[in-house]
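Since the structure comes first, as structure tokens, the remarks are kept for the end.
Residue numbers (the numbering used here), protein chains in the order written: chain A, 126 to 371; chain B, 3 to 221.
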């Protein structure tokens with residue numbers, strides 16, 4: 126039996142698949158958010174140095190992780206759309222950008238709210254904060270460029286180039302705490318070493334990260350469906366869909 | 003072809019000398035605005051000087067980016083150049099270097115004089131000019147990517163700024179940082195080395211991205 130790997134690269138089949146997947150990811154996100162927030166408020170112990178204010182870590186770190194991860198995924202899909210000239214890949218990349226920008230903004234904002242009690246400053250111009258701010262500008266630039274170009278295929282490809290040029294910022298954000306003497310703390314969680322934080326805190330953070338991930342997937346699927354409808358509005362399957370619902 | 007492109011762009015720029023001089027005077031005026039805005043206290047101006055001069059260089063370089071491809075695009079010359087058998091990367095490199103010679107080099111030459119206005123010491127002035135010498139080509143090369151992506155679009159210079167300024171920020175940080183390091187008595191060699199690294203990296207990669215962007219924009 127031959128598997129058709131490209132079955133869902135058609136906007137029409139992707140549309141129905143996404144429609145079936147959205148409830149799964151939304152419910153997963155809701156459950157994981159509930160569990161994660163419960164852990165972060167009631168289960169995780171009071172921190173020795175930072176007392177209760179440290180609990181913002183359970184939003185700040187997942188948001189920051191998602192902001193970087195989503196950019197890489199966006200650039201990846203955009204690259205696939207550019208290389209293989211597929212419409213759907215670029216539509217997914219366009220759909221990811223607003224969610225990525227939101228997480229970047231959330232990371233910066235929660236970081237500022239955390240920094241004020243801890244460091245005494247809402248904002249410092251250290252390497253990690255500055256590169257995260259640049260990431261926000263890169264997301265906004267990507268959305269602005271695609272909005273300014275009328276032809277959707279040209280918009281897709283131009284956005285892809287911009288996203289790929291900006292990818293170099295992600296390693297800079299990640300390694301900034303290692304390369305520079307920054308105010309932002311270094312990596313407590315790494316793939317190669319044991320974590321330097323209490324296991325309940327780590328569990329809470331990981332659950333919140335997965336919750337954000339489920340949320341992102343659900344939202345990107347919803348947004349991609351909207352983009353598909355918008356771009357494919359002249360096709361037969363969309364008009365059939367429209368006739369079916371009205 | 004590479005030298006021909008540079009020669010042609012320089013010739014066109016010399017015919018429209020006002021464009022070149024406008025950029026230069028914009029740079030001078032912006033740098034002169036800051037002391038008027040923040041007050042004449044010399045210590046503050048001396049500490050602000052590297053950042054102010056560098057930001058003005060960024061803005062001046064960015065404002066003149068549109069000129070790189072748009073006039074050739076509008077009269078069809080760009081398409082003819084893209085159809086030629088020579089690699090598009092060479093063409094782009096030539097245009098970016100011509101842009102640098104027309105906008106970047108005057109900035110480098112006039113920066114010591116502007117540094118005097120801010121009471122910078124001689125060694126700081128030298129590093130200022132050197133950092134601009136290393137940094138302005140990077141600005142032209144990265145700016146070429148932005149100019150190619152936004153070719154023929156409405157939204158004009160503001161859109162290019164939004165795209166290109168985030169990519170300029172590392173150059174700004176290390177360029178201004180070099181002068182601050184020298185003023186503080188530490189060496190600027192680390193900052194200048196990084197600027198040199200940016201220059202080499204953008205010399206290799208930026209023309210490639212710009213060529214891809216040009217092909218997309220002129221479809």
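For each residue, glycine too, the CB sits at the ideal point set by N, CA and C.
(request) In angstroms with no decimal places, state the Cα-to-Cα distance between residue 153 of chain B and residue 216 of chain B. (result) Here the alpha carbon of residue 153 of chain B sits roughly 8 Å from the alpha carbon of residue 216 of chain B.
(message) Just to confirm before moving on: does the CB-CB distance between residue 110 of chain B and residue 126 of chain B stay below 8 Å?
(response) no
(request) Go ahead and pull the three-state DSSP assignment for residue 251 of chain A. (result) coil
(message) Can you tell me whether residue 119 of chain B sits near the ligand HEM, meaning its C-beta is under 7 Å from at least one heavy atom of the ligand?
(response) In terms of ligand content, the structure shown is empty, and the ligand HEM therefore cannot be addressed.
(request) Could you check what DSSP says for residue 172 of chain A in three-state terms: helix, strand or coil? (result) The answer is strand: DSSP assigns residue 172 of chain A an E or B state.
(message) Could you check whether residue 333 of chain A and residue 161 of chain A sit closer than 8 Å to each other, using their CB atoms as the reference points?
(response) With contacts defined as CB atoms closer than 8 Å, residue 161 of chain A and residue 333 of chain A qualify as a contacting pair.
(request) Could you check the C-alpha separation between residue 156 of chain B and residue 273 of chain A for me, to the nearest Å? (result) 7 Å
(request) Report the residues of the region 277 to 293 of chain A with a CB closer than 7 Å to any CB of chain B, ordered along the chain. (result) Residues passing the 7 Å Cβ filter: 279, 282, 283, 286, 287, 290.
(request) Whole angstroms is fine: what's the gap from residue 297 of chain A's alpha carbon to residue 31 of chain B's? (result) 34 Å
(request) Taking only beta-carbon positions, decide if residue 186 of chain B is within less than 8 Å of chain A. (result) no
(message) Distance check for residue 225 of chain A and residue 348 of chain A, CA to CA, integer angstroms please.
(response) About 13 Å.
(request) Specify the secondary structure class of residue 136 of chain A as computed by DSSP and reduced to three states. (result) helix
(message) To the nearest angstrom, how far is the alpha carbon of residue 285 of chain A from that of residue 209 of chain A?
(response) 12 Å
(message) Suppose contacts are defined by Cβ-Cβ distances below 8 Å. Is residue 201 of chain B in contact with residue 128 of chain B by that definition?
(response) no
(message) So, with DSSP's three-state summary, where would you put residue 152 of chain B?
(response) In this structure, residue 152 of chain B counts as coil in the three-state DSSP scheme.
(message) Does the structure place the region 62 to 80 of chain B close enough to the region 159 to 170 of chain B that three or more beta carbon pairs sit under 8 Å?
(response) yes
(request) Say whether chain B places a C-beta atom closer than 8 Å to the C-beta of residue 269 of chain A. (result) When Cβ-Cβ separations below 8 Å define contact, residue 269 of chain A makes contact with chain B.
(request) Taking only runs that begin and end inside the region 81 to 110 of chain B, name each unbroken alpha helix (DSSP H) of 4 or more residues, in chain order. (result) 90 to 101
(request) Would you mind telling me which residues of chain A sit closer than 8 Å to residue 113 of chain B, beta carbon to beta carbon, in chain order? (result) Here the premise fails: no neighbours, minimum Cβ distance about 23 Å.
(message) For the region 194 to 211 of chain B, list every residue whose C-beta sits within 7 Å of some C-beta in chain A, in sequence order.
(response) 211
(request) Could you tell me the distance, in whole angstroms, from the CA atom of residue 353 of chain A to the CA atom of residue 264 of chain A? (result) 21 Å
(request) Check distances from the C-beta atoms of the region 250 to 270 of chain A to those of chain B and list, in chain order, the residues that come in under 8 Å. (result) 255, 259, 262, 263, 265, 266, 269, 270
(request) Report the neighbours of residue 273 of chain A on chain B: residues whose CB is nearer than 9 Å to its CB, in chain order. (result) 152, 155, 156, 157, 161
(request) Identify the continuous alpha helix (DSSP H) that holds residue 235 of chain A and give its terminal residues. (result) 212 to 244
(request) Return the first residue and the last residue of the alpha helix (DSSP H) that residue 202 of chain A is part of. (result) Note, residue 202 of chain A: alpha helix (DSSP H), 182 to 209.
(message) Strictly below 9 Å CB to CB, what residues from chain A border residue 147 of chain B?
(response) 286, 287, 290
(message) Check whether the region 114 to 126 of chain B and the region 93 to 101 of chain B touch, using three or more Cβ-Cβ pairs below 8 Å as the test.
(response) no
(request) On a CA-only basis, which of A:370, A:306, A:216, A:367 is nearest residue 281 of chain A? Give me that one, please. (result) A:216
(message) Can you pull the chain A neighbours of residue 171 of chain B, defined as C-beta to C-beta under 7 Å?
(response) 259
(request) May I ask you to verify whether the region 193 to 212 of chain A touches the region 174 to 185 of chain A, counting CB pairs closer than 8 Å and requiring at least 3? (result) no
(request) Output yes if chain A places a C-beta closer than 8 Å to the C-beta of residue 68 of chain B; else output no. (result) no
(message) Against chain A, which members of the region 75 to 101 of chain B pass a CB distance test of less than 9 Å?
(response) none
(request) Use the C-beta contact count for residue 294 of chain A: other C-beta atoms within 10 angstroms, 16 or more gives buried, fewer gives exposed. (result) buried
(request) Can you pull the chain A residues whose beta carbon is under 7 Å from the beta carbon of residue 168 of chain B, in chain order? (result) 259, 262, 263, 266
(request) Starting from the beta carbon of residue 164 of chain B, find every residue of chain A whose beta carbon is closer than 9 Å, and list them in chain order. (result) 262, 265, 266, 269, 270
(request) Taking residue 221 of chain B as the query, report the chain A residues whose CB atoms sit under 7 Å from its CB, ordered along the chain. (result) 279
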